[in-house]
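From first to last, the protein sequence lines stand for chains P and H. With the working numbering applied, the first sequence corresponds to residues 1 to 243, in that order. With the working numbering applied, the second sequence corresponds to residues 244 to 486, in that order. First comes the structure, then the notes that go with it.
There are 2 protein chains.
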Amino acid sequence: MSRFTIANRNPAPQRVLVHPCDTCGARDHSACASLNDEEQRRLVSIMTTIEVGPQRAIFNETDPADHVFSLTAGAVKIFKLLSDGRRQVTGFLFPGDFLGLTHNEAYAYSAEALTTSRLCRFPRRRLESLLDELPKLERQLLGMASHELAAAQDQMMLLGRKSARERVASFLLLMSATAARQGNTDDKVSLPMNRGDIADYLGLTVETISRTLGQLKAKGLIQMPSEKQILLTRKGALEEISG
Amino acid sequence: MSRFTIANRNPAPQRVLVHPCDTCGARDHSACASLNDEEQRRLVSIMTTIEVGPQRAIFNETDPADHVFSLTAGAVKIFKLLSDGRRQVTGFLFPGDFLGLTHNEAYAYSAEALTTSRLCRFPRRRLESLLDELPKLERQLLGMASHELAAAQDQMMLLGRKSARERVASFLLLMSATAARQGNTDDKVSLPMNRGDIADYLGLTVETISRTLGQLKAKGLIQMPSEKQILLTRKGALEEISG
DNA sequence: AAATCTCGTTGATCCAGATCAAACGCGGCC
DNA sequence: GGCCGCGTTTGATCTGGATCAACGAGATTT
């Protein structure tokens with residue numbers, strides 16, 4: 001049974017793969033080179049666009065890894081579970097991010113939409129054979145994997161060695177940087193995930209998240225117009241305490 | 244000033260890149276396909292073999308990322324530092340592992356030899372241009388990056404949500420699996436790193452590592468012929484408590 | 001509008017693992 | 001030999017964040 005709805009095949013011919021660097025200024029790096037029209041066409045020919053509602057699963061850790069996805073709109077969380085229900089959110093994904101890439105038979109993590117999301121879905125086998133013919137695409141994937149690996153190492157530093165306050169400050173700055181990459185210029189960060197998701201991302205509890213945000217607010221480093229909207233009023237101070 | 248000694252150029256024509264899957268049974272997977280003789284020759288032509296003594300740095304987090312390395316003998320730790328000296332070991336590397344791959348100008352982490360180690364060193368620019376001509380090699384790198392990413396996510400789960408005992412048990416099992424991949428058949432795991440390195444890998448302190456190993460020994464799950472040799476006498480029990 | 005539910009906040013208490021402190025063991029060196 | 005230095009172990013105490021508990025604010029249902 002499919003958990004998502006198929007929106008439309010062969011959608012608008014816009015760029016379907018967006019490398020993070022694409023929007024961060026490093027456009028001239030070889031790994032960021034976009035595909036040409038013909039290559040884009042071939043990529044689009046094997047893909048399907050899907051739309052997923054909020055809180056809906058995109059795939060599960062144990063599912064056979066038959067598809068690879070590229071997020072084009074919305075926000076997604078990826079996470080792993082222990083048998084007793086403990087959860088670790090390993091990442092929040094935004095437009096331009098890739099998910100589902102693995103060399104095993106099953107996905108290495110579960111993915112769930114935070115808000116209504118649009119994704120490009122590529123059959124894995126067909127994408128892999130396309131990779132044989134489009135080395136530029138493979139280079140792009142390698143670049144994205146390196147990027148993710150670096151982010152994962154930063155997260156290990158955070159989880160292994162930072163205090164609760166440092167984690168929360170780091171998280172707010174990361175979300176701010178991510179928003180900037182998405183074209184959001186001001187310092188108002190919107191958080192599409194709830195407190196539980198943040199807690200499971202930072203290796204803390206909801207209570208600690210709530211208390212720590214409260215402290216930062218009391219010190220005047222942030223403002224909270226609403227629970228999911230945070231204004232970083234003193235970004236420099238946040239950077240100092242982010243470890 | 245170079246921190247390592249150059250052992251010999253154009254060393255023995257053995258395989259210089261070994262994908263993890265190469266020794267874990269999945270030899271027929273496309274990403275694990277070895278290069279042919281001619282391709283091996285071209286790879287070897289741009290590389291230098293170096294030898295690094297124990298506790299010696301291979302590169303630092305801030306160094307310009309001019310080279311990529313492949314470990315062929317010994318053991319290496321990679322880690323990140325915070326400004327106040329807190330340290331997170333993000334991985335232990337063994338023969339067949341790759342290090343130094345990044346898309347930034349500087350390395351994302353520091354690397355240091357645990358024991359005398361032999362590495363193949365590839366000038367990054369030349370390797371990148373070689374990648375354009377050897378798509379099989381690029382596929383191999385992508386496979387290794389995916390592998391590492393999955394391992395990083397497991398480690399995030401460990402650091403964010405597991406107890407000290409679960410972390411130590413997971414670590415011992417990981418080292419055992421790694422030893423098996425290296426061809427070590429028995430259940431005697433040798434630990435080339437010291438307690439401080441293990442602590443910084445698991446997000447704990449040396450005291451907690453020592454106490455937890457002591458508990459496991461007292462319960463008869465492990466034996467310690469020496470500080471750096473651990474016998475997993477009841478691997479099943481370790482798996483149960485590893486979370 | 002009352003009842004229920006979910007999510008976030010706040011307060012009180014607890015505990016796993018950190019920190020502080022001391023001793024041990026072993027290899028290197030005078 | 002005896003001394004030193006470093007890594008490891010063991011013991012005592014402390015504390016940051018978890019846990020347990022209660023409540024409030026929206027949203028949804030009845």
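All residues carry an ideal CB built from backbone N, CA and C; glycine is no exception. For clarity, every value in this text was computed on a predicted model and none was experimentally measured.
- Could you please tell me which residues of the region 145-157 of chain P, in chain order, have their CB closer than 8 angstroms to any CB of chain H? Ala145, Ser146, His147, Glu148, Leu149, Ala150, Ala152, Gln153, Asp154, Gln155, Met156, Met157
- Message: Distance check for Leu384 (chain H) and Arg299 (chain H), CA to CA, integer angstroms please.
- Response: As a first step, residue 299 (chain H) must be located in the second sequence, where it is residue number 56. As a first step, residue 384 (chain H) must be located in the second sequence, where it is residue number 141. If I take the Cα positions, the gap works out to 26 angstroms.
- Query: Relative to the C-alpha of Ser170 (chain P), which residue among P:Gly196, P:Ser242, P:Met144 is closest?
  - Reply: Translated into the one-based positions of the first sequence, residue 170 (chain P) becomes position 170. Comparing Cα-Cα distances from Ser170 (chain P) to each of P:Gly196, P:Ser242, P:Met144, the minimum goes to P:Ser242.
- Message: I want to verify the contact list: residues of chain H whose CB lies under 7 angstroms from the CB of Leu43 (chain P), in sequence order.
- Response: Along the first sequence, one-based indexing puts residue 43 (chain P) at 43. In chain order: nothing, as chain H lies at least about 17 angstroms away.
- Query: Tell me, which residues are paired with Leu99 (chain P) by DSSP?
  - Reply: Locating residue 99 (chain P) in the first sequence gives position 99, where the first residue counts as 1. According to DSSP, Leu99 (chain P) bridges with P:Phe69.
- Query: Could you give the distance in angstroms between the alpha-carbon of Glu294 (chain H) and the alpha-carbon of Thr358 (chain H)?
  - Reply: On the second sequence, residue 294 (chain H) is found 51 positions in, with the first residue counted as 1. On the second sequence, residue 358 (chain H) is found 115 positions in, with the first residue counted as 1. One C-alpha to the other measures close to 10 angstroms.
- Item | Phe79 (chain P), DSSP secondary structure in three states | If you number the first sequence from 1, residue 79 (chain P) lands on position 79. Phe79 (chain P) falls in the strand class under three-state DSSP.
- Item | Amino acids of chain H, ordered along the chain, whose beta-carbon sits closer than 8 angstroms to that of Glu227 (chain P) | Here residue 227 (chain P) is taken as the residue at index 227 of the first sequence, counted from 1. Here the premise fails: no neighbours, minimum Cβ distance about 23 angstroms.
- Would Ala318 (chain H) be called buried (16 or more neighbouring beta carbons within 10 Å of its own) or exposed? Against the second sequence, residue 318 (chain H) aligns to sequence position 75. Buried.
- From which residue to which residue does the alpha helix (DSSP H) around Pro378 (chain H) run? On the second sequence, residue 378 (chain H) is found 135 positions in, with the first residue counted as 1. Where Pro378 (chain H) is concerned, the enclosing alpha helix (DSSP H) stretches over 378-404.
- Item | Reference Asp440 (chain H); option with closest CA among H:Thr333, H:Arg477, H:Arg285 | As a position in the second sequence, residue 440 (chain H) is number 197, starting the count at 1. That would be H:Thr333, whose Cα lies nearest to the Cα of Asp440 (chain H).
- Query: What did DSSP end up calling Ser110 (chain P) once you bin it into helix, strand or coil?
  - Reply: The residue given as residue 110 (chain P) occupies position 110 in the first sequence. Strand, per DSSP.
- Message: Measuring alpha carbon to alpha carbon, tell me which residue in H:Lys379, H:Ala422, H:Lys478 is nearest Glu281 (chain H).
- Response: Sequence index remark: in the second sequence, residue 281 (chain H) carries index 38 (1-based). With distances taken between Cα atoms, Glu281 (chain H) lies closest to H:Lys379.
- Task: Please state if the CB of Leu134 (chain P) and the CB of Arg195 (chain P) are separated by a distance shorter than 9 angstroms.
- Result: Translated into positions along the first sequence, residue 195 (chain P) becomes position 195. Translated into positions along the first sequence, residue 134 (chain P) becomes position 134. Cβ atoms of Arg195 (chain P) and Leu134 (chain P): not closer than 9 angstroms.
- Query: Does DSSP classify Gln298 (chain H) as helix, strand or coil?
  - Reply: Translated into the one-based positions of the second sequence, residue 298 (chain H) becomes position 55. Coil at Gln298 (chain H), not helix or strand.
- Compare the C-beta of Glu138 (chain P) with all C-beta atoms of chain H and state if any pair is closer than 9 angstroms. Counting from one through the first sequence, the residue named residue 138 (chain P) turns up at place 138. For Glu138 (chain P), the answer is yes, since a Cβ of chain H falls inside 9 angstroms of its Cβ.
- How close, in whole Å, do the beta carbons of Leu149 (chain P) and Ala388 (chain H) come, if the pair is a contact with beta carbons under 8 angstroms? Here residue 149 (chain P) refers to the residue found at position 149 of the first sequence. Here residue 388 (chain H) refers to the residue found at position 145 of the second sequence. The Cβ separation is near 6 angstroms, so the contact holds.
- Message: Which residues does DSSP list as the beta-bridge partners of Val189 (chain P)?
- Response: Locating residue 189 (chain P) in the first sequence gives position 189, counting from the first residue. According to DSSP, Val189 (chain P) bridges with P:Ile230.
- Cβ-based neighbour list, Ala407 (chain H), same chain, cut-off 6 angstroms, excluding 5 preceding and 5 following: Indexing the second sequence from 1 puts residue 407 (chain H) at position 164. Excluding sequence neighbours, Ala407 (chain H) sits near Leu447, Thr451, Thr455.
- Message: Strictly under 9 angstroms for the Cβ-Cβ distance: is Ser326 (chain H) near chain P by that measure?
- Response: Counting from one through the second sequence, the residue named residue 326 (chain H) turns up at place 83. True, the Cβ-Cβ gap to chain P drops below 9 angstroms.
- Give the single residue among H:Gln458, H:Pro435, H:Pro307, H:Met400 whose Cα lies nearest to the Cα of Ser469 (chain H). Counting from one through the second sequence, the residue named residue 469 (chain H) turns up at place 226. Per the Cα distances, H:Pro435.
- Item | Beta-carbon neighbours of Thr102 (chain P), restricted to chain H and to distances below 8 angstroms | Taking the first residue of the first sequence as 1, we reach residue 102 (chain P) at position 102. Chain H residues near Thr102 (chain P): Ser389, Ala393.
- Message: Does any residue of chain P have a CB that is nearer than 9 angstroms to the CB of Asp443 (chain H)?
- Response: Residue numbering aside, residue 443 (chain H) sits at position 200 when the second sequence is read from its first letter. Yes, because at least one Cβ of chain P sits closer than 9 angstroms to the Cβ of Asp443 (chain H).
- Message: Check whether chain P comes within 9 angstroms of Leu384 (chain H), counting only Cβ atoms and requiring the distance to be less than that.
- Response: Reading the second sequence from its first residue, position 141 is the one you call residue 384 (chain H). For Leu384 (chain H), the answer is yes, since a Cβ of chain P falls inside 9 angstroms of its Cβ.
- If you measure beta-carbon to beta-carbon, which residues of the region 86-112 of chain P are closer than 9 angstroms to chain H? Arg86, Arg87, Gln88, Val89, Thr90, Gly91, Leu101, Thr102, His103, Asn104, Ala108, Tyr109
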